[in-house]
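For the sequence shown, the positions run -14 to 534 when the working numbering is used.
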Amino acid sequence: MNICRILIVDDDATMRIALKSLIAWKQHGYELIGEAADGKSALDIAKVEFPHIIITDMKMPVMDGLTLIRKIYEEGLHPVFLVLSSYDDFELVKSALKLGAFDYLLKLELESTVLLNCLNEARNQITADPHQVISHRSRLEKQNRLLKDILCNIFYSESEMKLEMEACGMCFDTLPIYCFFIKAGDLYKFEENTEEEYDTFRFSVLNVVTEIVQDCFDAYCVEGKTGEFYVLASLKKFLTDESPHSIMVSTVRRIQEMLRQYLNLPCVIGISEGGLSLKELKLSCRQASEAVRTQYYMSRQDIIEWKDCHTPIQQDLLMNDRVEVLQAKQQLKNALLTLNLNDTVSSLRQFSSLICATAFQLNMILFLVLEIFICVQEVFDQFGIESKIILKKSWKSYYFFLSIQDTKKAQLWINDLITDLTEYIHEENNKEYRRIIERAKKIIHRYYSEKLSLTYLANEVHLNPSYLSTLMKKYIGMNYSEYLTYVRIEAAKQMLTNSDEKISVIASQVGYDDQFYFNRLFKRTVGISPGEYRKRTGRQEKSEGGTAT
């Protein structure tokens, strides 16, 4: 069996979140196909999704764990049950084991290794008919694709969008539909992960967010750029008489608390105005993301509502991103990330030309200078640099930008910005970063077999983690996680060629405790499995008795 399908059942939302965040499910060969807060909901899901393993609590409303086990078996389904137990309900656990549950897990002693070992043992018991498995993943992928189409402004009429949503199981029972835009802080936490680790982290964020929002909303969540997540949500029918505003604010506040508590991830969240039709979904997404961006020139808050952002960019400019503006923004970001002075100046001159072409439309002038200001601050935020320190002449308050009444004043501000950024780039390029990167490489080569992290490495060379990873990409063509993987796989190749140690031992010696993950990473990097690589070298693996076979 390639992928083992898991259903989690517990009336405690915190426990469901903790379970989902405890291990890297996907990289260990498991897929979370659903969750339920009571046995009845779990039974409904199981009859459609056919999970291989059900992790269930015992004491739940509507239908308890024992009844769930009986009902599942009465339906002719045969998943493996793992029972969640507290110290005071062990009699229930014994009854569950008599009914056919495979094992139990103590909630207060639950750790990743305990859970994984129990799952792996349960997996060996599975004899499910593979033809029963219905593709839950396929439906989620369709939902994901549709949400990304909405973000990318791919055109759908109201009727087309309704059909597309019905086809992938999406439904908003009430109007209006809101967007919550979640922008994660500490982006280096995403950058220091391998592709699989990032996938797991992203999946954990999506799960935590979805779990919380779906208490009160019909909601769907999708990732935009790295560390950015969009939630489209409409209030559940039974709550339509309540105040949507207070429910929204309490929901996003809880999202922030849970992301920080379980994933140590701070975030800022923007809330759109409510859209009264499906065609307004794109506008809602843009409102929520723009609300977050206002933190760079208005007050720094961690929850920002679009209705409170009284800025001229609300006036017909929101949906009018022109290609040349997008290109100039991307060029400016790339230039600052790579400390390229010529491209930095060139992109700012391009903005100057755009401002001159506005025919003195004050709103458009303000829109463009704010785009420049935000763009620069986003890069410095990523590096963990206080922009006020760098922008000695050009750092201004929002009230200054409001005072810009003509292109001349805008051009003077851009000239000040060029002066500040030129000084910054010259200083950075004189800091001998090549020597610092060489030191970072030596540390990686020395400690690659240990639990090395980007944060630890950055502390050793006295740089911000995200900035270090960016500099590594600039000077050696690989960011931190790519280079660490390269060093580990090269070391593994040497060991496979020159020793007869078991592959599991070699995986551990190069920093991977999970052989399953190591095998996949090795094959993706080298093109063949570790076993096949060893065969081609003519080397054999040591047997249990200690001799090569």
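Glycine included, each C-beta is placed from N, C-alpha and C at the ideal position.
Bear in mind that the values here come from a model prediction, so they are computed numbers and not experimental data.
- According to the DSSP assignment, cysteine 201 belongs to no alpha helix (DSSP H), since it is labelled neither H nor E.
- In the three-state scheme derived from DSSP, where H, G and I count as helix and E and B as strand, leucine 263 is classed as helix.
- Cβ neighbours of methionine 457 within its own chain (closer than 8 Å, five residues either side excluded): Ile422, Ala425, Met463, Asn464, Tyr465, Tyr468.
- Contact between isoleucine 40 and isoleucine -7 is confirmed by a C-beta separation of about 5 Å, below the 8 Å threshold.
- Annotation: alanine 477 to aspartate 49 spans about 49 Å, alpha carbon to alpha carbon.
- Put simply, the backbone Cα of serine 382 is about 8 Å away from that of methionine 283.
- Nearest in C-alpha terms to aspartate 171, of all of Tyr441, Ser235, Leu250, Glu106, is Leu250.
- If the five residues before and after alanine 276 are omitted, its C-beta is found closer than 6 Å to the C-beta atoms of Gly255, Ile289, Trp291, Cys294, all from its own chain and listed in chain order.
- Spatial neighbours of glycine 209 in its own chain (CB-CB distance under 7 Å, excluding positions within 5 residues in sequence) are listed in chain order as Leu136, Tyr215.
- For the pair phenylalanine 501 and isoleucine 429, the Cα-to-Cα distance works out to about 23 Å.
- In this chain, the alpha helix (DSSP H) harbouring aspartate 29 covers 24 to 34.
- Taking C-beta separations shorter than 8 Å and ignoring five residues to either side along the sequence, asparagine 109 has no partners in its chain.
- The alpha-carbon separation between alanine 81 and leucine 69 amounts to approximately 10 Å.
- If you look at tyrosine 518, you'll find it isn't in any beta strand (DSSP E); it sits in the alpha helix (DSSP H) that goes 515 to 522.
- Comparing alpha-carbon positions, the option among Val193, Lys378, Ile167, Tyr441 lying closest to glutamine 246 turns out to be Val193.
- Per the C-alpha coordinates, the member of Tyr163, His230, Tyr183, Leu244 positioned closest to lysine 264 is Tyr163.
- Between the C-alpha atoms of glutamate 16 and arginine 1 there is a straight-line separation of about 15 Å.
- Here serine 332 is buried: its Cβ has 16 or more other Cβ atoms, across all protein chains shown, within 10 Å.
- Burial state of glutamine 312 is exposed, judged by a 10 Å Cβ sphere holding fewer than 16 other Cβ atoms.
- Residue pairing for cysteine 164: DSSP places it in a beta bridge opposite Leu217.
- Runs of the beta strand (DSSP E) lying entirely within the region 333 to 417 and spanning at least 3 residues: none are present.
- Only exposed fits valine 490, as fewer than 16 other CB atoms lie within 10 angstroms of its CB.
- DSSP links isoleucine 2 through a beta bridge to no other residue.
- When the alpha-carbon of leucine 448 is set against those of Gln367, Ser493, Lys5, the nearest one is in Gln367.
- In the pairwise beta carbon analysis, the region 350 to 368 is classified as not touching the region 413 to 420: fewer than three pairs are separated by under 8 Å.
- As summarised for the region 35 to 76, the continuous alpha helix (DSSP H) elements at least 4 residues long and confined to that stretch are 50 to 59, given in chain order.
- Here the alpha carbons of glutamate 126 and aspartate 134 stand approximately 12 Å from one another.
- Under DSSP, the beta-bridge partners assigned to isoleucine -7 are Glu20, Ile40.
- One thing to note: serine 257 has its Cβ within 8 Å of the Cβ of alanine 273.
- DSSP places leucine 95 in no alpha helix (DSSP H); its state is neither H nor E.
- Tyrosine 460 and leucine 453 have their alpha carbons spaced roughly 10 Å apart.
- A check of alpha carbon separations from valine 47 across Val65, Glu60, Leu28 identifies Leu28 as the nearest.
- By the Cβ rule, the region 400 to 410 counts as touching the region 313 to 331, because three or more pairs are nearer than 8 Å.
- Taking the CA atoms as reference points, glycine 14 sits about 5 Å from isoleucine -12.
- Segment contact: the region 432 to 441 against the region 383 to 400, fewer than three CB-CB distances shorter than 8 Å; contact not assigned.
- Around the beta carbon of histidine 411, a 10 Å sphere encloses fewer than 16 other beta carbons of the protein chains shown; the residue is thus reported as exposed.
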